[in-house]
Amino acid sequence: MFKGFAIFRRKNFLVLLFRWIAFGLFNYLFISGLVYYAEYVLGAPYFTVTFLFAGYMSWSLIALPLSFLLSYFIGHLKVSIISGFVMGATLLPFLFINDFFIAIILISIIGFAFGLGAGSLIPLVGDVFDEHANINRRRSEGVSYGILKMFGGLTIMLGGILTAFVQGITGFIAGWGGPQPASAILGIRILNTTIPGILLIIVMILFTVLYDLKPEKTEAIRMELKELEL
Amino acid sequence: MNIYILDIVKYHNQINRNFRKMTFNSFNRKFPTAVTYIFFCIPFFGIMGLDLYLASYLLFYYQAVIGVPIFVIVIPTGIVRLIIPFFQPLLGSISDRNYPFTRNKGRRFLWIIIFGFQLPIFSVLLFWIPAFDIMIFLIIFTTFFILYNVIFSLFTTSYTALLLNKFRNPKERLLIAVVSEAIGTIGIISINTFVPLFINFGDPSSFQISAISVAIVFVVTLSFGIFDLLEEKELIDTYFSPNQAPKQGFLR
Numbered sequence: 000m001f002k003g004f005a006i007f008r009r010k011n012f013l014v015l016l017f018r019w020i021a022f023g024l025f026n027y028l029f030i031s032g033l034v035y036y037a038e039y040v041l042g043a044p045y046f047t048v049t050f051l052f053a054g055y056m057s058w059s060l061i062a063l064p065l066s067f068l069l070s071y072f073i074g075h076l077k078v079s080i081i082s083g084f085v086m087g088a089t090l091l092p093f094l095f096i097n098d099f100f101i102a103i104i105l106i107s108i109i110g111f112a113f114g115l116g117a118g119s120l121i122p123l124v125g126d127v128f129d130e131h132a133n134i135n136r137r138r139s140e141g142v143s144y145g146i147l148k149m150f151g152g153l154t155i156m157l158g159g160i161l162t163a164f165v166q167g168i169t170g171f172i173a174g175w176g177g178p179q180p181a182s183a184i185l186g187i188r189i190l191n192t193t194i195p196g197i198l199l200i201i202v203m204i205l206f207t208v209l210y211d212l213k214p215e216k217t218e219a220i221r222m223e224l225k226e227l228e229l
Numbered sequence: 000m001n002i003y004i005l006d007i008v009k010y011h012n013q014i015n016r017n018f019r020k021m022t023f024n025s026f027n028r029k030f031p032t033a034v035t036y037i038f039f040c041i042p043f044f045g046i047m048g049l050d051l052y053l054a055s056y057l058l059f060y061y062q063a064v065i066g067v068p069i070f071v072i073v074i075p076t077g078i079v080r081l082i083i084p085f086f087q088p089l090l091g092s093i094s095d096r097n098y099p100f101t102r103n104k105g106r107r108f109l110w111i112i113i114f115g116f117q118l119p120i121f122s123v124l125l126f127w128i129p130a131f132d133i134m135i136f137l138i139i140f141t142t143f144f145i146l147y148n149v150i151f152s153l154f155t156t157s158y159t160a161l162l163l164n165k166f167r168n169p170k171e172r173l174l175i176a177v178v179s180e181a182i183g184t185i186g187i188i189s190i191n192t193f194v195p196l197f198i199n200f201g202d203p204s205s206f207q208i209s210a211i212s213v214a215i216v217f218v219v220t221l222s223f224g225i226f227d228l229l230e231e232k233e234l235i236d237t238y239f240s241p242n243q244a245p246k247q248g249f250l251r
């Protein structure tokens, strides 16, 4: 048994881990899958992917300072929950839309929500690690962050397996520049948007219900840590 | 059994006074200035650039430009990417330990510097492996790729652990999250925008020169951040707190 894995006994860490995996899968399936989505579902020329990425990146950059302001007033926990739900809910309409401009608008909303969530991630991780340090009476951020990175790496593998599975059963023709069968296009829609969307919503519901590191508690933890000189 | 009850009532009055404005400071030092946040996060620019350059061009360089069979690249990189994640917690635990030589400079800073300056060397070497003999190429490539990934993990876990140790107030962590994310994103955009301008697909040396340029950017950004990566005495004292649990091994 790895002693460093004692953090797995903390409920809040497990909930955060699910959130970490869901966001990792979102990154893999949605962001990496934008090329497939633009090419086969929207039927847009290859270079238009740049516009989709630009919409995503620029809005996530714009959201970063707002993430700080919003977190300052309502707390990073609430900002994180809002961003997760918005991302999940915005991913679902992709199952039906075929219009490039609507796609850009939705991707910009997702980028904005992602930026809000990204700004509140480090404080969340910090709260969970502080709680573990307080209970364990020892700081071990290196191991704990290593565990998160381990699951980040495994998520990429899971994303690859999921992609191969869905493309396999929906009849995606690899190495073929022409039009794909209708089942493969539906597969791309489900794989790249619906699966991460539903996953995000489920994880955020779990997060809202189970995560209990509210501002008062995290502040008390920090005070106790200071008293213990940890 | 570990029984733990956090006494929120004990801290109730202070919490009411503090948490709305996030004024509780975990240290006796003042809150960091904007310059501290920016210099601490500048290395993110180099980290993102270095990792993105390798992820985007390494496979393409050896497969399409040098003409190495794709399986010679994909098999070792795939296996390393499959195995390395399982070692991440163990690699992360290295900077969690106190050693006599960490008493003065802290237990994160030294590892960040040691591994940080090795990282660009291996990233450049990965683009300079001669491909005369496939077996020799495979051995050297796999060795360098493993070393790069191990050092990258050691560097990033130490760096992130320091970030969480050094900035403890929620306001500090929010600011550091925003600044690091913004600088990292600018790093990604810069690499995606500028590197393709200098790469000539038929010219292997353009990939190697770009790799050196990206490595130099990494070294420069890390050097800029050095003074803010230093651990203050008050922070180092918390690592050696008499109230902490006895030293634990990684394995039970």
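Residue numbers (numbering that gives the first Met the number 0), protein chains in the order written: chain A, 0 to 229; chain B, 0 to 251. Yeah, the Cβ is synthetic: ideal placement off N, Cα and C, and Gly gets one too.
Review point. Hey, A/S82 and A/L123: beta-carbon distance below 8 Å or not?
Key: Along the first sequence, one-based indexing puts residue 82 of chain A at 83. Along the first sequence, one-based indexing puts residue 123 of chain A at 124. At a Cβ-Cβ threshold of 8 Å, A/S82 and A/L123 do not count as neighbours.
Practice item. Please determine, among B/F44, B/F43, B/L57 and B/E230, the residue with the shortest C-alpha to C-alpha distance to B/K165. Key: Here residue 165 of chain B refers to the residue found at position 166 when the second sequence is read from its first residue. Nearest option by C-alpha distance: B/E230.
Exercise for review: Assign A/D98 to one of two classes, buried (16 or more other C-beta atoms within 10 Å of its C-beta) or exposed (fewer than that).
Suggested key: As a position in the first sequence, residue 98 of chain A is number 99, starting the count at 1. With fewer than 16 Cβ atoms within 10 Å of its Cβ, A/D98 is classed as exposed.
Exercise for review: Show which residues of chain A have a CB atom less than 7 Å away from the CB atom of B/E180.
Suggested key: Position 181 of the second sequence, counted from the start, is the residue given in the question as residue 180 of chain B. L63, A117 and G118, listed in chain order.
Practice item. Would you please verify whether the beta carbon of B/F85 is less than 8 Å from any beta carbon of chain A? Key: The residue given as residue 85 of chain B occupies position 86 in the second sequence. Interface residue, yes.
Point to revise | Beta-carbon neighbours of A/I146, restricted to chain B and to distances below 9 Å | key: For the purposes of this step, residue 146 of chain A is taken as the residue at position 147 of the first sequence. For A/I146, the C-beta contacts it makes with chain B under 9 Å involve Q87, P88 and G91, in order along the chain.
Exercise for review: Out of B/I198, B/I113, B/G91 and B/I185, point me to the one whose CA is closest to B/A160's CA.
Suggested key: Position 161 of the second sequence, counted from the start, is the residue given in the question as residue 160 of chain B. Ranked by how close their Cα comes to the Cα of B/A160, the residues B/I198, B/I113, B/G91 and B/I185 have B/G91 in first place.
Exercise for review: Throw me the rounded Cβ distance for the B/I211 and B/V123 pair, which I believe falls under 8 Å.
Suggested key: The residue you call residue 211 of chain B lines up with position 212 of the second sequence. The residue you call residue 123 of chain B lines up with position 124 of the second sequence. Rounded, the Cβ-Cβ distance is 6 Å, consistent with contact.
Point to revise | Coil, strand or helix - A/Y39 by DSSP | key: Here the question's residue 39 of chain A lines up with position 40 in the first sequence. Note: A/Y39 maps to helix in three-state DSSP.
Check your understanding: So, are the CB atoms of A/I6 and A/S143 less than 8 Å apart?
Key -> Counting from one through the first sequence, the residue named residue 6 of chain A turns up at place 7. Counting from one through the first sequence, the residue named residue 143 of chain A turns up at place 144. Here A/I6 is near A/S143, since their CB atoms are less than 8 Å apart.
Review point. Is the Cβ-Cβ distance between A/L199 and A/L90 less than 8 Å?
Key: Position 200 of the first sequence holds residue 199 of chain A. Position 91 of the first sequence holds residue 90 of chain A. Annotated as proximal: A/L199 and A/L90, with beta-carbon spacing under 8 Å.
Practice item. Indicate the three-state DSSP secondary structure (helix, strand or coil) for B/V34 in the structure shown. Key: The residue you call residue 34 of chain B lines up with position 35 of the second sequence. In the three-state reduction of the DSSP assignment, B/V34 falls in the helix class, which pools H, G and I.
Review point. Closer than 8 Å, CB to CB, is B/Q243 near chain A or not?
Key: Within the second sequence, residue 243 of chain B is the residue found at index 244, counting from 1. For B/Q243, the nearest beta carbon of chain A is closer than 8 Å to its own beta carbon.
Exercise for review: Could you list which residues in chain B have their beta carbon closer than 7 Å to that of A/N135, in chain order?
Suggested key: Your numbering for residue 135 of chain A matches position 136 in the first sequence. Under the 7 Å cutoff, chain B gives A244.
Review point. Among B/E171, B/F200, B/I145 and B/D50, which one has its Cα closest to the Cα of B/V34?
Key: Translated into positions along the second sequence, residue 34 of chain B becomes position 35. Taking the Cα of B/V34 as reference, the smallest distance to any Cα among B/E171, B/F200, B/I145 and B/D50 is reached at B/E171.
Check your understanding: Which residue comes first and which comes last in the alpha helix (DSSP H) that contains B/S179?
Key -> Start at 1 with the first residue of the second sequence, and residue 179 of chain B comes out as number 180. Start and end: P169 to F197.
Review point. Can you name the start and end residues of the alpha helix (DSSP H) that B/T156 belongs to?
Key: The sequence position of residue 156 of chain B within the second sequence is 157, counting from 1. Run containing B/T156: I133 to K165, per the alpha helix (DSSP H) assignment.
Exercise for review: My understanding is that A/S66 touches A/L115, with C-beta atoms under 8 Å, so please give their C-beta distance in whole angstroms.
Suggested key: As a first step, residue 66 of chain A is located in the first sequence; it is residue number 67 there, counting from the start. As a first step, residue 115 of chain A is located in the first sequence; it is residue number 116 there, counting from the start. Between the beta-carbon of A/S66 and that of A/L115 there is about 5 Å, and that keeps the pair under the 8 Å contact cut.
Review point. Is it the case that the Cβ atoms of B/Q87 and A/K77 are separated by a distance below 8 Å?
Key: Looking up residue 87 of chain B in the second sequence gives position 88. Looking up residue 77 of chain A in the first sequence gives position 78. No; because the gap between Cβ atoms is not below 8 Å, this pair is not in contact.
Review point. Between B/M134 and A/A163, what straight-line distance do the alpha-carbon atoms span, to the nearest angstrom?
Key: Here residue 134 of chain B corresponds to residue number 135 of the second sequence, with the count starting at 1. Here residue 163 of chain A corresponds to residue number 164 of the first sequence, with the count starting at 1. Approximately 30 Å, taken between the alpha carbons.
Practice item. Pull up the distance between the alpha-carbon of A/R8 and that of B/T155, whole angstroms please. Key: As a position in the first sequence, residue 8 of chain A is number 9, starting the count at 1. As a position in the second sequence, residue 155 of chain B is number 156, starting the count at 1. Cα-Cα distance, rounded: 25 Å.
Exercise for review: Please confirm whether A/L205 and A/F17 have their CB atoms less than 8 Å apart.
Suggested key: Walking along the first sequence from the start, residue 205 of chain A turns up at place 206. Walking along the first sequence from the start, residue 17 of chain A turns up at place 18. One thing to note: A/L205 has its Cβ within 8 Å of the Cβ of A/F17.
Review point. Under a CB-based cut-off of 8 Å, is B/M0 close to chain A?
Key: The residue given as residue 0 of chain B occupies position 1 in the second sequence. For B/M0, the predicted model reports a pLDDT of 43, less than 50, meaning its position is unreliable; a value from the coordinates is still stated below. With its beta carbon at least 8 Å from every one in chain A, B/M0 lies outside the interface.
Point to revise | Any chain B beta carbon closer than 8 Å to A/P122 | key: Sequence index remark: in the first sequence, residue 122 of chain A carries index 123 (1-based). Using beta-carbon distances, A/P122 counts as an interface residue toward chain B, with a partner under 8 Å.
Review point. Roughly how many whole angstroms lie between the Cα atoms of A/I104 and A/K225?
Key: Counting from one through the first sequence, the residue named residue 104 of chain A turns up at place 105. Counting from one through the first sequence, the residue named residue 225 of chain A turns up at place 226. A straight line joining the alpha-carbon of A/I104 with that of A/K225 spans about 46 Å.
Practice item. Would you mind telling me which residues of chain B sit closer than 7 Å to A/M56, beta carbon to beta carbon, in chain order? Key: On the first sequence, position 57 is the one that residue 56 of chain A refers to. Within chain B, T184 and I188 have C-beta atoms less than 7 Å from the C-beta of A/M56, given in sequence order.
Review point. Anyone know if the C-beta pair for B/V71 and B/F136 falls short of 8 Å?
Key: Working through the second sequence from its first residue, we reach residue 71 of chain B at position 72. Working through the second sequence from its first residue, we reach residue 136 of chain B at position 137. Yes, these two residues count as a Cβ contact at 8 Å.
**Study point:** Within chain B, partners of A/K17 - CB distance below 9 Å
**Key:** As a first step, residue 17 of chain A must be located in the first sequence, where it is residue number 18. First, the residue type needs correcting, since residue 17 of chain A is Phe and not Lys in the sequence shown. Those do not exist, as A/F17 stays about 17 Å from chain B at its closest Cβ, beyond 9 Å.
Point to revise | A/A173 (DSSP reduced to helix, strand or coil) | key: In the first sequence, the residue the question calls residue 173 of chain A occupies position 174. In this structure, DSSP gives A/A173 a state outside helix and strand, which the three-state scheme calls coil.
Exercise for review: Determine the burial state of B/N103: buried for a count of at least 16 other Cβ atoms within 10 Å of its Cβ, exposed for fewer.
Suggested key: Counted from its first residue, the second sequence places residue 103 of chain B at position 104. B/N103 comes out exposed.
Point to revise | Residues of the region 210 to 241 of chain B with Cβ closer than 8 Å to any Cβ of chain A, in chain order | key: Contact residues of the region 210 to 241 of chain B toward chain A are D236, T237, Y238, S240 and P241 (C-beta to C-beta distance below 8 Å).
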